[in-house]
Each structure stands twice: as structure tokens, then as C-alpha cells.
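Chemist:
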């Protein structure tokens, strides 16, 4: 696959006029809703206090507990996983992160813990058994996306607030948890894009997401994904949709639909071309700004919990990118409501 220049500053310099500049803080592929909320988290007092406490907990206790029961991925053990990690890091142009295999970390999932300068990816051992190499590439790429987009401190804080806080104090930290969960649902969209850039196959990425949701390798192969996606409309009806407010991940049909939107952008399609290098200058010339803005506007409507949710075209070929003369990030901001 082609290497893509993900330096957003370089991308901005290629744009024509300041009025076309998208408000953006992470890698160029990042979902703007993620970066906008991320920029405000440090200003929310309950979140700030929670992050400070969990960083101290991580550095003094939790890191040792976690790594003491895990096995480090190196060039001499789990070499296949190490090579996937190296490939993903090269793809996203970040330093190769340290990965550990843990016997059990929450549910069937992967996590990124630590601080901005000291991040670790932890894979559930059962997860590694469930996924093939290409699906694992998507998951590791997803976690690398957390590192690249400065999520690590907040993902660590949210994990420990959700799973380690004493039940008697959870009501005290609930404001921080809800704020972090609201951001995390947006951050997952960003990192799913990173995973897709690393694995380069939408179907494989979708299959990995289904396995994570079901927790079963056998059942995942029996799921009709198009039928499953019909549940998205059902999930938007009634008070049941409000339960998503307490989740750190969007419902799976939303993640799959959002991934399909991203797969239709000029940016992603250019990234899959070979030979040659797809630079941000190439992307700008191809009108990628409109395509990414279109994608982000569709995703923001998709993520809505309150208000009327316009039906999205979720099929891989059903939604056609729209290119417009102006920036649609305002549309995305208006559509994304909780």
C-alpha cells in the first residue's frame, strides 16, 4: 500500500485560502468531532481531577499490576504481532509502540494505556486467538490511532473510572465518566479510520468489528452484515437509544456505517493506490477536503442520539461522495447532538 503523508500542518499549507481550512487537531484522517471535544476535556473540572488521579494511579500502581501479568511482544516472541505493529506504525508514521498480551483486560478487546510519552497497547490473549492476521492488523492500527491522536491519557482515565472505581464513589465521578464517554464515542470513529488505513480492506475491518461485538469467532462468520446493519434504524427508536449515552463506543452498526463512509473518500482511496506516494498535496488537488468534510457530515448525523436522525445510506456503494465548493464542517457540528 502507498504511504500517505499524515502531517496536517503540511496539508493545511496546500489548501486555498483560510476560509477552506477545517478545524482539526489530530492526524488528517481524524474525525473533527473527536478533536473538538478532546480540546475541551482538560477544561472540565471533574475530568481534569479524574485524569490527574488516574495518571498518578497508573504511574504508581496500575502499570506494574498490568504489565506484571502480561507478556511483552518483541522481535523474539510473538514476532508476527510485532511485525504487524511495525507495519502499522510505519503506515501511520508514528514510533513503534510497545505491545503486551494480557490474559484478561475487561472484555474481548484491546486497550491503550499510559501517558502521552509512555503509551502501551494491551491485547486480550483471547482476542488474538479470535482474529486472523489481517483482522488483528485493523485492531492494532486502531490502537495506534489512539496514540497518534493524543487520546492515551483520557482512554486510560476512562478505563479506570469505569472498571476500577469503587462502587460507592462512582456516583461522585459520574460527571467525568459521562463527559469522557461522550468524547470516546467520537474518538472511536477516528481510530477505526486509522485501523482501516492499516489493514486496507473494509470487509476485513468490518469482520473484526463483528467479532469484537459478538465475542465469538464461529458466530461472526454466520452474521449477515447487511441484515445486521438494519438494526441501526431500530436502535434509534424509543428510549433504548439513550443507553448509548453510557457507552464508550458507538453501537456497532454506526461504526460499520461510519467506516464505509470513510472508505469512499478520496483520501482513503488515494492511500490504497500503488505504486507512488499519496501526499497531502495530491489529496488536496483531488478535492479531498470536500470528500472528508462530506464524510464527517454524514458521520455526525449518524452519531446523533437526540433529535430526528436522518436515515443514512450505509451500503458500501449506496452513498456517493458529494463535493461542494465550501467547507461542510459546520454541517457536521450541527448534526452531532447528544
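In the numbering used here, the protein residues as written are 283 to 620.
Glycine residues also receive a C-beta, built at the ideal position from the N, C-alpha and C atoms.
How should residue 395 be labelled, buried or exposed, when 16 other C-beta atoms within 10 angstroms of its C-beta is the threshold for buried?
Modeler: By the neighbour-count rule (16 or more Cβ atoms within 10 Å), residue 395 is buried.
Chemist: Quick check on the burial criterion: 16 or more other C-beta atoms within 10 angstroms. Buried or exposed for residue 359?
Modeler: Per the 10 Å Cβ criterion, exposed.
Chemist: Grab me the residues of residue 370's own chain with a C-beta within less than 7 Å of its C-beta, minus the 5 sequence neighbours each way, in chain order.
Modeler: Closer than 7 Å at the Cβ level, and outside the excluded window around residue 370, lie 419, 422, 423, 426 and 480.
Chemist: Starting from residue 382, follow the beta strand (DSSP E) in both directions and report where the run begins and ends.
Modeler: It spans 380-384 - the beta strand (DSSP E) in which residue 382 sits, taken as one unbroken run.
Chemist: Quick test of the definition: if touching needs 3 or more C-beta pairs under 8 Å, does the region 430-441 touch the region 488-500?
Modeler: With a cut-off of 8 Å, the region 488-500 and the region 430-441 do not count as touching, because too few Cβ pairs lie within range.
Chemist: Can you grab the Cα-Cα spacing for the pair residue 585 / residue 339, in whole Å?
Modeler: Distance between the alpha carbons of residue 585 and residue 339: 32 Å.
Chemist: Where do the ends of the alpha helix (DSSP H) carrying residue 416 lie?
Modeler: Residues 415-430.
Chemist: Whose C-beta lies closer than 8 Å to the C-beta of residue 460 among residues of the same chain, with five residues either side of it excluded?
Modeler: Contacts found: 527 and 528.
Chemist: Compare the Cα-Cα distances from residue 509 to each of 543, 538 and 313 and report the closest residue.
Modeler: Among 543, 538 and 313, the Cα nearest to that of residue 509 is on 538.
Chemist: Can you grab the Cα-Cα spacing for the pair residue 383 / residue 345, in whole Å?
Modeler: Taking the straight line joining both Cα atoms gives about 14 Å.
Chemist: Classify residue 396 as helix, strand or coil using the three-state DSSP reduction.
Modeler: In the structure shown, residue 396 sits in a strand (DSSP, three-state: E or B).
Chemist: Assuming residue 362 and residue 416 form a contact by the criterion Cβ under 8 Å, report the distance between their Cβ atoms to the nearest whole angstrom.
Modeler: Not quite, the Cβ-Cβ distance comes to about 12 Å (not below 8 Å), so this is no contact.
Chemist: So, using beta-carbon positions, are residue 319 and residue 468 closer together than 8 Å?
Modeler: Closer than 8 Å, so yes.
Chemist: Let me make sure I understand the geometry here. Which of 445, 588, 582 and 397 has the alpha-carbon closest to that of residue 342?
Modeler: Ranking 445, 588, 582 and 397 by Cα distance to residue 342 puts 397 first.
Chemist: Who are residue 403's beta bridge partners in DSSP?
Modeler: Residue 403 pairs with 381 and 394.
Chemist: Quick one: complete alpha helix (DSSP H) runs, 4+ long, within the region 331-358?
Modeler: List check, alpha helix (DSSP H) in window: 345-350.
Chemist: Which same chain residues, not among the five before or five after residue 324, have their C-beta less than 8 Å away from its C-beta?
Modeler: Taken in chain order, the residues that qualify are 330 and 333.
Chemist: Short check: CB of residue 575 to CB of residue 313, under 8 Å?
Modeler: No; because the gap between Cβ atoms is not below 8 Å, this pair is not in contact.
Chemist: Quick one: what's got a C-beta closer than 6 Å to residue 599's C-beta in the same chain, skipping five residues either side?
Modeler: Note on residue 599: pLDDT 41, under 50, position unreliable in the model; no value is reported.
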